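Trainee: Residue numbers (our numbering), protein chains in the order written: chain A, 15 to 282; chain B, 0 to 263.
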Amino acid sequence: MLDYDFMQRALAAALVTGLVAPAIGTYLVQRRLALLGDGIGHVALTGVALGLLTGVAPLLTAVLVAVAGSLLIEILRTHAKTSGDLALAILFYGGIAGGVLLINLAGEGAQRLNAYLFGSITTVSPMDLAVVAGLGSVALATSLFLSPQLFAVCHDEEHARVSGVPVQLYGILIAVLAAVTITVAMRTVGLLLVSALMIVPVAAAQQLAPSFRSTHLLAMAIGLVAAVGGVVLSYQADTQSGPTIVVVALAVFAAFAVVRGVRAWMQK
Amino acid sequence: MPVIGDYSAEGTPPDDPLRIEGLAVDLGGRAVLRSVGLTVRRGELVAVLGANGSGKSTLVRAAVGLIPFRAGTIDLFGSPVDAFTRRERLGYVPQRTASAAGVPATVREVIRSGLLARHPWHGVPTRAERAGISRAAEAMGLADMLTKQVAELSGGQQQRVLIARAIAGEPDLLVMDEPTAGVDRGHTERLAEFLAEFTERGGAVLMVEHDLGPIRPSVDRVVVLDHGRVAFAGPAEDVPERHGPHHHDTDVPAPPVVPGEGVL
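1) The alpha helix (DSSP H) with A/D142 in it runs from where to where?
2) Below 6 Å CB to CB, which residues in the same chain sit around A/P36 once its five sequence neighbours on both sides are set aside?
3) What is the DSSP secondary structure of B/L145, counted as helix, strand or coil?
4) Taking only beta-carbon positions, decide if B/A127 is within less than 8 Å of chain A.
5) Does DSSP put B/F68 in a helix, in a strand, or in coil?
6) How far does the beta strand (DSSP E) with A/A223 in it reach, from first residue to last?
7) Where B/V256 and B/D183 are concerned, what is the direct C-alpha to C-alpha distance, given to the nearest angstrom?
8) Which of helix, strand or coil does DSSP assign to A/V70?
9) Going along the chain, which residues of the segment 61–89 of chain B sit with their C-beta nearer than 9 Å to a C-beta in chain C?
10) Go to A/I188, then tell me how far its alpha helix (DSSP H) extends in each direction, as first and last residue.
11) A/F267 by DSSP, collapsed to three states: which one?
12) I'd like to know whether the C-beta of B/L22 is nearer than 8 Å to at least one C-beta of chain A.
13) Of all the CB atoms in chain A, is at least one closer than 8 Å to the CB of B/G290?
14) Taking the alpha-carbon positions, what's the A/M21 to A/V30 distance?
15) Are the Cβ atoms of B/H118 and A/F159 separated by less than 8 Å?
16) Can you tell which of A/R45, A/G83 and A/D52 has the C-alpha that lies nearest to the C-alpha of A/G61?
17) Taking only beta carbons into account, state which residues of the segment 147–172 of chain B come closer than 9 Å to chain A, listed in chain order.
18) Name, please, each residue of chain B whose Cβ falls closer than 8 Å to the Cβ of A/V216.
19) If the cut is a Cβ gap below 7 Å, which residues of chain B does A/A71 touch?
20) Whole angstroms is fine: what's the gap from A/A192's alpha carbon to A/L102's?
21) Of all Cβ atoms in chain A, is any one closer than 8 Å to the Cβ of B/E108?
22) Select from A/A27, A/L100, A/N128 and A/A48 the residue whose C-alpha is nearest the C-alpha of A/A63.
23) For A/F20, which three-state DSSP category applies?
24) Work out the CA separation of A/H173 and A/Q254 for me, nearest whole Å.
25) I'd like to know whether the C-beta atoms of B/Q94 and B/D225 end up nearer to each other than 8 Å.
26) Given that a residue counts as buried once 16 or more other Cβ atoms are within 10 Å of its Cβ, and exposed if not, what is A/H230?
27) Can we say the segment 201–220 of chain A touches the segment 39–55 of chain A, given the rule of at least three CB pairs closer than 8 Å?
28) Specify, as a first and last residue, the run of the beta strand (DSSP E) that B/T57 falls within.
29) Does B/H247 come out as helix, strand or coil in the three-state DSSP assignment?
30) With a threshold of 7 Å on Cβ separation, who are the neighbours of B/F193 within its own chain once the five nearest residues in sequence on each side are excluded?
31) Answer with buried or exposed for A/H169, where buried requires no fewer than 16 other C-beta atoms within 10 angstroms of its C-beta.
32) Compute the distance between the beta-carbons of B/R164 and B/G113, then report whether it is under 8 Å.
33) Quick one: measure Cβ to Cβ for B/A135 and B/L145, integer angstroms, because I've assumed they're closer than 8 Å.
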């Protein structure tokens with residue numbers, strides 16, 4: 015399996031994706047914006063379509079459009095009289111409709127669209143891997159380096175503001191990091207399921223981890239196992255990588271939930 | 000016991016920790032505060048009383064810069080609240096709200112976030128600063144709960160966590176919105192002792208309460224708000240009965256606004 019160049023790239027991309035997605039997802043869950051990743055993922059599809067239509071690398075256009083979408087969501091959420099879920103819904107439908115429409119106009123078929131929506135391990139090019147590794151490293155380092163500040167913003171926004179933490183700036187940063195993560199994960203897990211890799215490992219870690227920090231770190235470990243394990247399984251079972259990765263993550267969640275249940279039962 | 004910080008230039012009197020003059024706040028097009036003034040000096044505990052809807056919480060939220068105001072001035076240690084940068088000098092206890100937990104956080108993690116005013120942009124608290132976590136937890140009777148998840152605590156315990164977060168950074172001014180809500184009498188008395196010791200060392204406190212209870216002996220002055228205006232200001236023992244803790248007169252028509260009135 016490792017003799018194939020495409021598998022080496024796919025596994026490397028999965029490694030980065032598996033670490034970064036839950037690292038950022040933890041802050042989204044803490045901020046009660048678990049579905050933000052879904053909304054940005056839909057918007058990123060429009061970015062992919064723009065790339066296909068114009069001949070520019072779809073990963074780059076997806077990054078730009080996803081970042082713009084994440085900023086728009088954050089502005090709508092904080093400034094407009096639009097509730098967070100309504101802002102997400104508008105972006106959801108606009109993104110997916112615009113993306114599919116532009117891909118149709120670009121003359122691309124359903125198979126190409128499918129690869130972006132659900133991931134495809136054979137499509138990770140050397141340039142894709144370079145972009146994924148670069149952006150992923152920056153997102154991961156930022157999420158760890160600013161952990162105390164981002165925790166404060168997500169846990170109690172008002173208290174963070176009184177403490178002088180630049181709440182608005184860090185709110186935007188979290189949204190931008192989510193956008194970057196989604197495009198980083200696009201090749202392996204796909205735009206429709208990327209949010210699952212941001213959220214399910216966090217939900218699994220919460221079953222057993224006693225604190226925010228341990229949840230953050232355990233979620234990253236679970237994401238790593240799910241992403242790399244999912245890519246290996248998808249190669250062996252000849253399935254699409256996105257659904258396979260998410261099923262592995264869900265299996266970990268189910269196992270952790272059982273362990274928690276047993277532990278609670280034994281403590282009675 | 001260390002004396003709480005005096006940052007004034009040599010030979011000049013220190014700025015008052017909190018000075019509010021002619022404050023007017025509108026929320027949703029409705030006047031919530033009208034020409035309110037009060038000063039909290041070093042070593043002083045000022046309690047704000049009033050019926051529900053009298054503007055108490057609006058006053059403290061404006062005082063720490065959380066909501067904009069239409070008229071008046073709010074100065075923290077001599078700086079306008081909008082330009083106040085020495086946020087480590089300010090400790091804030093918000094009203095506790097019940098909300099579903101996102102990712103569970105421990106008591107230690109929440110108290111630790113109270114140290115961030117010294118590192119608002121980046122960085123982590125130093126070892127010396129982290130010692131404040133243990134001191135704050137000890138002061139609020141939480142020393143044996145540091146590894147517990149906040150969401151699993153009772154309402155009163157969660158309230159004590161918020162107080163511990165506010166005092167962990169060892170501020171010079173505490174602004175507290177109903178800090179004893181849901182807290183049992185024993186721990187309220189413990190808070191009263193802490194506040195008495197805090198003000199003895201030069202700290203200043205602005206506190207909103209429904210009922211002073213065990214805090215009463217530590218209170219230097221009481222300000223009663225009624226329909227967004229100062230209706231009384233003076234010693235706790237002189238608070239008129241009609242402005243007592245269980246008085247709710249929100250159905251009484253608001254008195255006419257007199258410009259400049261209500262400044263203490």
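Here a beta-carbon is modelled for each residue, glycine too, at the ideal position from N, C-alpha and C. Here the structure is a predicted model, which is why all the values come from computation and not from measurement.
Mentor: According to the structure shown:
1) Boundaries of the alpha helix (DSSP H) harbouring A/D142: P140 to F159, taken from the DSSP string.
2) P215, V216, A233, M234 and G237
3) coil
4) no
5) coil
6) Premise fails: A/A223 is in no beta strand (DSSP E) and is neither H nor E.
7) Note that B/V256 scores 37 on pLDDT, short of 50, meaning its location in the model is unreliable and no value can be drawn from it.
8) Assigned with DSSP and collapsed to three states, A/V70 falls in coil, not helix or strand.
9) The structure shown has no chain C; the protein chains it does contain are A and B.
10) V181 to V203
11) helix
12) no
13) Within the shown structure, residues of chain B are numbered from 0 to 263, placing residue 290 of chain B beyond reach of any answer.
14) 14 Å
15) The beta carbons of B/H118 and A/F159 sit no closer together than 8 Å.
16) A/G83
17) K147, Q148, L161, R164, A165 and G168
18) V102
19) Within 7 Å Cβ-Cβ: nothing; A/A71 doesn't reach chain B, min ~32 Å.
20) 14 Å
21) yes
22) A/N128
23) helix
24) Straight across, the Cα-Cα distance linking A/Q254 with A/H173 is about 44 Å.
25) No, Cβ-Cβ distance for B/Q94 and B/D225 is not below 8 Å.
26) buried
27) Taking one beta carbon from each stretch, the segment 201–220 of chain A and the segment 39–55 of chain A have 3 or more pairs nearer than 8 Å; the two touch.
28) First-last for B/T57: K55 to A62, but that is the alpha helix (DSSP H), not the beta strand (DSSP E).
29) Caution is warranted here: a pLDDT of 43 is assigned to B/H247, below 50, making its placement in the model unreliable, and no coordinate value can be reported.
30) A138
31) buried
32) yes
33) Their Cβ separation, rounded to whole angstroms, is 10 Å, which puts B/A135 and B/L145 out of contact at 8 Å.
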